[in-house]
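Which chain is which? The protein sequence lines are A and B, in order. In case it helps, our numbering puts the first sequence at residues 550 to 699. In case it helps, our numbering puts the second sequence at residues 550 to 699. Every residue, glycine too, gets a C-beta built ideally from N, C-alpha and C. These numbers were taken from a predicted model, which means no experiment stands behind them. What follows is a set of notes on a single structure, which appears directly below.
Protein chains: 2
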Amino acid sequence: MQRTGFAKAECPVARALDAIGDWWSLLIVRDAFDGLRRFGDFQRNLGIAKGMLTARLRKLVETGVLEQVAASDGSAYQAYVLTKRGHDLFPIVVSLRQWGEAHLYARGEPHSVLLDQAGQAVGQLVLPSKSGKPLSWADTKVRKVATRRR
Amino acid sequence: MQRTGFAKAECPVARALDAIGDWWSLLIVRDAFDGLRRFGDFQRNLGIAKGMLTARLRKLVETGVLEQVAASDGSAYQAYVLTKRGHDLFPIVVSLRQWGEAHLYARGEPHSVLLDQAGQAVGQLVLPSKSGKPLSWADTKVRKVATRRR
DNA sequence: TGCAACTGGTCTCATTATAAGACCAGATTG
DNA sequence: CAATCTGGTCTTATAATGAGACCAGTTGCA
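Set out below in structure tokens:
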């Protein structure tokens, strides 16, 4: 049976997961944010099977997250770079990073850190409200789309 | 071959994906944010196979995202509720939602919306900086953990 | 120029994960 | 107490993944 898809879901979370919610896509995107651009760079850094990488890159290009361009070093090879849509994944990668940092490391266990241009660790993502106080899960609610009656 | 794992990665993004980056976990968490708590609720709402749901719930409980408690309606059944660690996934779910809303719907196509308590659609997640101007991908850089020399 | 190594793939195969649904014991309802 | 509901387990068929052989075109270098 084919893996269940959510491409037609009315919930944006489900559609997003359908597009980039597999085991590899967000790691490829993370590497792209880190400046990797060539097939071999991704393959070596992730230790991913080549066939998998080919399939994932192809899907990410189809989805408009990555774009294939000529390599900037003058060679005849191609590079994969983030599009606007790909750069918009930044908050997703950052939120995953911050949750992982907070909950998946033992005290003192080293991990990579996201820095600003001054070399300072960045703060937490926040969901602003009009009052100025950030919204938490307890302050929000999802309004579902009206289900078509029949 | 076993699916590649990232539980030991020094990158928090990879560890987070290892914990909750499969096809179903974040949808279960999304439903939990929406107030679903019982096995049957999740199973019906997601259309997930029961065996899958059993496995996913078990892993989420092991990871400390969900907790099994007695159902609040006085029956002998159990419920699955978000822990603190689970509630901390809120920014991840919101960032996925916002990216999906921005990029995966045709103009005018309906989707669910996240509202604050006043019934207003919430704003965008931001990564604050000292200057007050939110940080973008272009303003940040990952500092890797020093690789052990040998 | 000529050859070895590199690059970016494709293809095959063995293994694992997923989807679908039959089945089941205990709880609940009427 | 019989029927149904709940929360699972188990089996089976199919799809996805991981590992690596293989290959054509590109590049580096003697």
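What's the call for residue i, buried or exposed, on a 16-neighbour Cβ count within 10 Å?
i      : result
A598/B : exposed
S661/B : buried
Q726/B : Not covered by the structure: residue 726/B. The range shown for chain B is 550 to 699.
G635/B : buried
V567/A : It should be pointed out that residue 567/A corresponds to Asp in this sequence rather than to Val. It counts as buried.
R579/B : buried
V614/A : buried
Y629/A : buried
Bridge partners for residue i per DSSP, in chain order?
i      : result
K690/A : L664/B
A598/B : BP columns for A598/B are empty, so no partner.
A628/B : V618/B
A670/B : L664/B
V578/B : Looking at the DSSP assignment, V578/B forms no beta bridge with any residue, so it has no partner.
V675/A : V675/B
What is the DSSP secondary structure of residue i, reduced to helix, strand or coil?
i      : result
A604/A : helix
A695/A : coil
K557/B : coil
L684/A : coil
W573/A : coil
What's the C-alpha gap between residue i and residue j?
i      : j      : result
V643/B : V562/A : 8 Å
G649/A : T612/A : 26 Å
M601/B : L645/A : 23 Å
A687/B : A619/B : 47 Å
C560/A : A655/B : 13 Å
Q592/B : A565/A : 20 Å
W572/A : T553/B : 9 Å
G596/B : S624/B : 24 Å
S680/B : R692/B : 21 Å
A604/A : V610/B : 32 Å
A670/B : L663/B : 6 Å
P683/A : G672/A : 13 Å
L638/A : S574/A : 11 Å
S678/A : K633/B : 22 Å
E658/B : K608/A : 23 Å
L585/B : S685/A : 18 Å
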